[in-house]
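Report on the structure given below.
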Amino acid sequence: MTTASLAPSSATAPANTLHAAGRDVDHGWVPEAIDALSHERALSIYRQSVFNREFELQVAAAVSNKKITTPTYLAVGQEHIAATLAHTFPKPMIFAQHRAHPYYLSFGGDPAALRDELLGLDSGCAQGKGGSASIHDPAIPMYGHSGLMGDQIPIAVGAAIASGRTTLAVAGDASVEEDYVFSAMGYAQAKQAPVLFVCEDNDLSILTPVATRRQWNMTDVVRSLGMYAVDIADDPWLIAHHVLQLDTNLPAFFNIRTCRHLWHAGAGCDGPPEWNRFKLIQVRLDDLGLGSQRREIEKESSQRAKNLWKTARQQVDSQVDFKRPSNLQEKKLA
Amino acid sequence: MTLAETIQQVTRDHLARDNGLLFGQCVTAIGWIGGTVPEMTEEEGIVELSMADMAGAGVAVGAALTGRRPIYVIRYQGFMWYNAAPILNYAAKSKDMWNVPCPLFVRSIAMEGHIGPVASASHHGMVMRMPGIPVMAPMTPAEWLEGWRWFQEHDDPIYMSEHRRGFPIDYEMEDEISGPADITLIAISAARLNALEAIEQLSQEGIRCHLVHAVWLKPFLLKDSIRESLNQTGLGLVIDSDFEVAAAGRSIAYELMHETGHPVHALGLEDRSAGFATRHDNGTPTAEQIVRCVRNAVVKQKKNEPTLN
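Residue numbers (the working numbering), protein chains in the order written: chain D, 1 to 334; chain F, 1001 to 1309.
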């Protein structure tokens, strides 16, 4: 099998003229990226990705049947980005915002505490105060988010400057439009703060696409600050390739084009995504001769997530006084 | 030692001995913020921020999360309208939300007199309405040190509403509640200095005043002296260098009325924008304004008319 045959195929991405330039499944692909991950590491990333995805699907089910009634920001379709970073950019301080369940899980946060947080229980990672948007785990360490979009960027910069620790600051394509994000990134460059800024660019602010909101490109803006910046699709091999390229040269910025499969908040779906990276990863692993391993991983990780949520119903029933529609009485969460 | 010298010395020790940090804009400019900042380098802990206020406050908050207990200097309190977001929505909430301390020492400095609609006066009222951050308005060295000690003994952020008129003060100010009086004045920040002048003028008219200095604004410290004085005078006035409407003065007056059952008025900045020309200024109530307000309240009280209108 040649390297070329392992390259992603743009045929999987439907044409969408509304989207800003650069929105395609192969964006930024370089052939040498295929060498960025060993088979072992690729499978390990996949294992985490599957767990993240299955966790999110379990959350979606809990939202749909009203076990979870607070605003919930799911990352189905984006679950592999955090998994890849956790394997290639280890042990940073983490500052993210909503849609960050995969960061919490991938970097070692306690899944049960996240589950309980989403259920509003005292045993949640923020005792039920944080909900989906303000999750944290000091042990990772992942810091909570206040709810003001993008405010994690200057806070991450300050933490990196004061501590000298490598830091990961994650935002979305809407949050990076907050004015203080630019100035904080400019300051990070001036002070050479050791921060990797990641923009998970799903092209949507709720439902408003980037092209409607702005005519500039975030990567161009960051480059104008003098910072190293790349604009790439959400291929794990490509992400890993660029992390490895960084070596220890920070700050840097990655704009990662990705697709959100479900609603901004909640478990609904507006139709098929532009591309389905999860499927593409499966094809890649099969092409690499790792098909049997990936199927085994899917079975294990999927079961692990399901088991985690199986216990949730009992916990909710015993700790939360929620009103349950009668037709859900006999339905099982799992 | 003046208040400015005290702050400078404490800051020097914090940076040199405690691995502390000081963040601010144009810190190393002429004057070093009224002489309150030691002439130290970035390597020694003085971190010059860019002029981006919201980002700068966020940077300071992030540094606080790492435990270096930074001092964050806001040169004009009016800039809190920019700076408030990270301080009040993150630093003040961090411990409550996530049990993660974010000890940030905010030095927010009021100034007034011909400096226009933004940079004028104090703005501690906007901070007081948010949970998770105590508010203090020190004017003397000992008062400031009390706030600093509190910061050292706790892992919460604190908002120090300073006023440049306090920087040269090298003495302490005691409550004046001896003897009979017609009214209790509870004064905050620079209003304390103007209240002292007003009391002199009022005494010549035969109106006697008690004066209580309010330093801890939130939680408001209801000192015994305030309660005793109000019970004796039956009438109070809170004077502040922040706006009067929906701000610290009225909030404290409300609390005092409920605590003592006596009418307590509030006097602060007028409900209008300040301009640069003298005639458009809008600063801490002057001695003359305080005199008029007190005279009116006392006269009504003596005539047994309602003093609250």
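Positions of the beta carbon are idealized from the N, C-alpha and C atoms, including for glycine. Only a predicted model underlies this, so the values are computations on that prediction, with no experimental measurement involved.
Are the C-beta of Asp151/D and some C-beta of chain F separated by less than 8 Å? As a working note, residue 151/D is residue 151 in the first sequence. Yes, because at least one Cβ of chain F sits closer than 8 Å to the Cβ of Asp151/D.
For Tyr104/D and chain F, any beta-carbon pair shorter than 8 Å? Working through the first sequence from its first residue, we reach residue 104/D at position 104. Not closer than 8 Å to any Cβ of chain F, the Cβ of Tyr104/D fails to qualify, so no.
Along chain F, which residues have their Cβ under 8 Å away from the Cβ of Ala156/D? Residue mapping note: residue 156/D aligns to position 156 of the first sequence, counting from 1. Gly1062, listed in chain order.
Closer than 8 Å to chain F by CB, Ser163/D: On the first sequence, residue 163/D is found 163 positions in, with the first residue counted as 1. It does; some Cβ of chain F falls within 8 Å.
Under 8 Å, Cβ to Cβ, is there at least one residue of chain D near Met1126/F? The residue labelled residue 1126/F in the question sits at position 126 within the second sequence. Chain D, which has no Cβ nearer than 8 Å to the Cβ of Met1126/F, makes this no.
Under 8 Å between the Cβ atoms of Tyr46/D and Leu285/D? Counted from its first residue, the first sequence places residue 46/D at position 46. Counted from its first residue, the first sequence places residue 285/D at position 285. Yes, the pair counts as a contact, with Cβ atoms nearer than the cut-off.
Given Gly172/D as reference, the closest of Val195/D, Pro154/D, Leu204/D, Ala162/D once Cα atoms are compared: Residue numbering aside, residue 172/D sits at position 172 when the first sequence is read from its first letter. Nearest option by C-alpha distance: Leu204/D.
Distance cutoff 8 Å, beta carbons only. Does Pro394/D sit that close to anything in chain F? Since the first residue shown for chain D is 1 and the last is 334, residue 394/D is missing from the structure and cannot be characterised.
Please classify Gly226/D as buried or exposed, where buried requires at least 16 other C-beta atoms within 10 Å of its C-beta. Against the first sequence, residue 226/D aligns to sequence position 226. Exposed, since its Cβ has fewer than 16 Cβ neighbours within 10 Å.
Does any CB atom of chain F fall closer than 8 Å to the CB of Gly172/D? Mapped onto the first sequence, residue 172/D falls at position 172. Interface flag for Gly172/D against chain F is unset, since no Cβ pair is found closer than 8 Å.
At the level of alpha carbons, what is the spacing between Val1127/F and Asn1019/F? As a position in the second sequence, residue 1127/F is number 127, starting the count at 1. As a position in the second sequence, residue 1019/F is number 19, starting the count at 1. Spanning the two alpha carbons is a distance of roughly 28 Å.
Could you tell me the boundaries of the alpha helix (DSSP H) in which Ser1203/F lies? On the second sequence, position 203 is the one that residue 1203/F refers to. 1191 to 1204 is the span of the alpha helix (DSSP H), which, as asked, contains Ser1203/F.
Could you check the C-alpha separation between Glu1305/F and Pro1103/F for me, to the nearest Å? Here residue 1305/F refers to the residue found at position 305 of the second sequence. Here residue 1103/F refers to the residue found at position 103 of the second sequence. Between Glu1305/F and Pro1103/F, the C-alpha separation is close to 49 Å.
Cβ of Gly108/D less than 8 Å from any chain F Cβ? Counting from one through the first sequence, the residue named residue 108/D turns up at place 108. Not closer than 8 Å to any Cβ of chain F, the Cβ of Gly108/D fails to qualify, so no.
Taking DSSP as the reference, what is the three-state secondary structure of Ala240/D? As a first step, residue 240/D is located in the first sequence; it is residue number 240 there, counting from the start. Correct three-state label for Ala240/D: helix.
Using the C-alpha atoms, what's the distance from Tyr187/D back to Asp1013/F? Within the second sequence, the letter at position 13 stands for residue 1013/F. Within the first sequence, the letter at position 187 stands for residue 187/D. Cα to Cα, the separation comes out at about 27 Å.
heavy atom of the ligand ZN below 7 Å from Met1040/F C-beta: Inclusion of the ligand ZN in the displayed structure is not the case, the ligand content being empty and no account of it being possible.
Within the segment 147 to 187 of chain D, note down every full beta strand (DSSP E) run reaching 3 residues or more, in order along the chain. 167 to 172
Name the chain D residues whose beta carbon is nearer than 8 Å to that of Tyr1159/F? In the second sequence, counting from the first residue as 1, residue 1159/F sits at position 159. In chain order: nothing, as chain D lies at least about 17 Å away.
I'd like to know whether the C-beta of Gly1132/F is nearer than 8 Å to at least one C-beta of chain C. The structure shown contains no chain C; its protein chains are D and F.
Contact defined as beta carbons within less than 8 Å: I believe Asn202/D pairs with Thr258/D. What is the distance between those atoms, to the nearest angstrom? Start at 1 with the first residue of the first sequence, and residue 202/D comes out as number 202. Start at 1 with the first residue of the first sequence, and residue 258/D comes out as number 258. That belief holds up - the Cβ atoms of Asn202/D and Thr258/D are roughly 5 Å apart, short of 8 Å.
What residue does the alpha helix (DSSP H) around Thr88/D start on, and which one ends it? Residue numbering aside, residue 88/D sits at position 88 when the first sequence is read from its first letter. Unbroken alpha helix (DSSP H) run through Thr88/D: 79 to 88.
Entirely within the segment 1142 to 1169 of chain F and at least 3 residues each: give me those beta strand (DSSP E) ranges in chain order. 1158 to 1163
Take every Cβ of the segment 145 to 163 of chain D, pair it with every Cβ of the segment 1119 to 1137 of chain F, and state whether three or more of those distances are shorter than 8 Å. The answer is no - the segment 1119 to 1137 of chain F does not touch the segment 145 to 163 of chain D, with fewer than three Cβ pairs under 8 Å.
Within the 8 Å Cβ cut-off, does Phe322/D reach chain F? Within the first sequence, the letter at position 322 stands for residue 322/D. With a pLDDT of 43 at Phe322/D, under the threshold of 50, the modelled position of this residue cannot be trusted; read the value that follows with caution. No, Phe322/D lies away from the interface with chain F (no Cβ there is under 8 Å from its Cβ).
If you draw a straight line from the C-alpha of Leu1003/F to the C-alpha of His264/D, how long is it? Working through the second sequence from its first residue, we reach residue 1003/F at position 3. Working through the first sequence from its first residue, we reach residue 264/D at position 264. So the two alpha carbons sit approximately 52 Å from each other.
The alpha helix (DSSP H) that contains Gly1125/F, what's its start and end? For the purposes of this step, residue 1125/F is identified with residue 125 of the second sequence, where counting begins at 1. Per DSSP, Gly1125/F belongs to the alpha helix (DSSP H) from 1124 to 1128.
Could you tell me whether the Cβ of Tyr1076/F comes closer than 8 Å to any Cβ of chain D? Looking up residue 1076/F in the second sequence gives position 76. For Tyr1076/F, no CB of chain D lies under 8 Å from its own CB, so it is not counted at the interface with that chain.
For Tyr1090/F, collect the residues of the same chain with a Cβ closer than 6 Å to its Cβ; drop the 5 residues on either side in sequence, then sort them by chain order. Residue numbering aside, residue 1090/F sits at position 90 when the second sequence is read from its first letter. Excluding positions up to five away in sequence, the list reads Val1061.
Length of the line joining the Cα atoms of Asp247/D and Gly1132/F: The residue you call residue 247/D lines up with position 247 of the first sequence. The residue you call residue 1132/F lines up with position 132 of the second sequence. The alpha-carbon atoms of Asp247/D and Gly1132/F are separated by roughly 40 Å.
Burial state of Tyr1171/F (16 or more Cβ within 10 Å): Working through the second sequence from its first residue, we reach residue 1171/F at position 171. That one is exposed.
Going by beta carbon distance, what residues of the same chain come within less than 6 Å of Leu37/D, once the five residues before and after it are set aside? Walking along the first sequence from the start, residue 37/D turns up at place 37. The residues are Trp237, Ala240.
Rounded to a whole number of angstroms, what is the C-alpha to C-alpha distance between Tyr143/D and Thr84/D? To locate residue 143/D, count along the first sequence from 1; it is residue 143. To locate residue 84/D, count along the first sequence from 1; it is residue 84. About 20 Å.
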